[in-house]
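Numbering (my numbering), first residue to last: 1 to 336.
Structure follows, in structure tokens:
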């Protein structure tokens, strides 16, 4: 039986609903996820190597139900949430070829003609103090003039804090494009975390989310892997790795079943595994797996007394030299 020391990390410093898992360190300094059924897995488990990849149409589309009316545009699909006047999720595949920009953005925000109940509009955002934050970024749609124009539909917008939209959210979008180039293609599902009682803007009462998520799947040989992000709708100087979580975690928070078309064994492993070191982080300006970060952050490590380490570090792992062992990864293992 492994003994555990509870981890208090800024990865989950913001308050979110229960993930159905708990992040802890073993007494050997290994980062572990504990699940409700008492099974456990190393948080930085290896991705699936040499796995068989199947050709799966519409792999990016989350689980849908009869009542769901999926809206499909040239570059992305979405499920519109009338109660919150924005999409519950926006999904698309981004290929390496599609990261090449061919058309210039127009910044012409318009209502979505395919939302029969009517989407949000300019008046809702005007004077609100919030940015019209893209879910599917315009920069991901520059391969087609039509896809680019449709990325400015209000169904693809959500009210975002300006420092968030122009800061870490933009950095994450840039990182995803870098992964598409590196891996050849990625599947992306992104959106707001929509809950009851959120503040609203405009006459249409567009909800202002407290958190946003992004889920990415690299389903290309020889290694397939997935990763999720949960970020508060606020500016931050923390590195993106601080907000990386398992896809299962995002499912627990949003209630959305991602990648249901994957073979069951692949889906289970990919979604429960958080393998930070399986991805490169070079596009964010704060991370590069082969070097130093360009800015110092507070160490993510935990002291022997159980407190957050106060040291500053520029190591890409987010841990100072004293707690470097806490960032080490290992292979998957299950048990009780």
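Positions of the beta carbon are idealized from the N, C-alpha and C atoms, including for glycine. The structure displayed is predicted, hence computed values, not measured ones.
Residue i and residue j closer than 8 Å at C-beta
i, j, result
"residue 76", "residue 109", "no"
"residue 276", "residue 234", "no"
"residue 337", "residue 60", "Because the chain spans 1 through 336 in this model, residue 337 falls outside it and cannot be assessed."
"residue 119", "residue 194", "no"
"residue 232", "residue 50", "no"
"residue 272", "residue 257", "no"
"residue 54", "residue 260", "no"
"residue 191", "residue 135", "yes"
"residue 157", "residue 142", "no"
"residue 146", "residue 213", "no"
"residue 224", "residue 266", "yes"
"residue 218", "residue 250", "no"
"residue 91", "residue 62", "yes"
"residue 64", "residue 71", "no"
"residue 82", "residue 111", "no"
Residue i, DSSP secondary structure in three states
i, result
"residue 266", "helix"
"residue 194", "coil"
"residue 151", "coil"
"residue 245", "strand"
"residue 218", "strand"
"residue 126", "coil"
"residue 231", "strand"
"residue 225", "strand"
"residue 46", "coil"
"residue 53", "coil"
"residue 145", "helix"
"residue 98", "helix"
"residue 254", "helix"
"residue 322", "helix"
"residue 115", "coil"
"residue 206", "strand"
8 Å CB neighbourhood of residue i in its chain, flanking five on each side removed
i, result
"residue 184", "95, 96 and 220"
"residue 138", "105, 148, 151 and 152"
"residue 144", "74, 75, 102 and 103"
"residue 289", "Residue confidence for residue 289 is low, a pLDDT of 31 falling below 50, so the modelled location carries little weight and cannot support an answer."
For residue i, the first and last residue of its enclosing beta strand (DSSP E)
i, result
"residue 80", "77-81"
"residue 133", "131-134"
"residue 86", "86-95"
"residue 71", "70-72"
Chain-order list of residues whose beta-carbon lies under 6 Å from that of residue i (same chain, five-residue window excluded)
i, result
"residue 322", "none"
"residue 84", "194 and 207"
"residue 47", "223, 225, 275 and 278"
"residue 165", "131 and 133"
"residue 115", "80 and 155"
Own chain, CB closer than 7 Å to residue i, minus 5 neighbours either side, in chain order
i, result
"residue 99", "177, 180 and 181"
"residue 209", "158, 192, 193, 194, 198 and 233"
"residue 303", "309"
"residue 93", "60, 185 and 187"
"residue 68", "79"
"residue 123", "202 and 203"
Enumerate, from N- to C-terminal direction, the unbroken alpha helix (DSSP H) stretches of 4 or more residues contained entirely within the segment 155-192.
Entirely contained in the segment 155-192, the alpha helix (DSSP H) runs reaching 4 residues are, in chain order, 162-165 and 168-183.
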